[in-house]
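**Student:** What follows is a structure written as structure tokens; I'll ask about it next.
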Amino acid sequence: MSDLSQYTLPELFQLQKDIAATIARRQVEDKKATLDLLKQLAQERGFDLKDLVGGAAAAEPRAKQKGAGVAQYRNPADASATWTGRGRKPLWVIEFLSNGGQLDQLKI
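Letter by letter, the sequence shown follows residues 12 to 119 of my numbering.
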């Protein structure tokens, strides 16, 4: 690892944004890989993953779901990708912000 004290403050902020985007991307990739492994293991054992996971989840009462909400932000590169502004930021929002964009620029 490099000595971070040699970086300027703007370089450190850029590095922080790059790290956040990389972490978000890795989490998505790792989640998909883990799900694929679980599906494969369930199939090898003669089960359907939905039946295994669904059985455990069915025992707990579900909270009343709210509506999806109204989209507040739109991906400039893909108009079909929107975000309500609630919950975790989608990867495209994180990448847009890490490239110096402002959230207000994505407002619909």
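From the three backbone atoms N, C-alpha and C, an ideal C-beta is built for every residue, glycine too. Owing to the predicted nature of the structure, the values given are computational and were not obtained by experimental measurement.
In whole angstroms, what separates the C-alpha of residue 96 from that of residue 119?
**Tutor:** Taking the sequence shown and counting its residues from 1, the one referred to as residue 96 is at position 85. Taking the sequence shown and counting its residues from 1, the one referred to as residue 119 is at position 108. Looking at the two C-alpha atoms, the distance is approximately 11 Å.
**Student:** Residue 100: which of 76, 38, 21 and 75 sits nearest, CA to CA?
**Tutor:** Your numbering for residue 100 matches position 89 in the sequence shown. Residue 38 is the option with its Cα nearest to residue 100.
**Student:** Tell me whether residue 99 sits in a helix, a strand or coil according to DSSP, three-state version.
**Tutor:** Here residue 99 refers to the residue found at position 88 when the sequence shown is read from its first residue. In this structure, residue 99 counts as coil in the three-state DSSP scheme.
**Student:** So does the region 73 to 91 actually touch the region 47 to 57, counting three or more Cβ pairs closer than 8 Å?
**Tutor:** Touching, no, given that fewer than three Cβ pairs across the two stretches are closer than 8 Å.
**Student:** Would you report the Cα separation of residue 117 and residue 108, rounded to the nearest angstrom?
**Tutor:** As a working note, residue 117 is residue 106 in the sequence shown. As a working note, residue 108 is residue 97 in the sequence shown. In a straight line, the C-alpha of residue 117 is about 10 Å away from that of residue 108.
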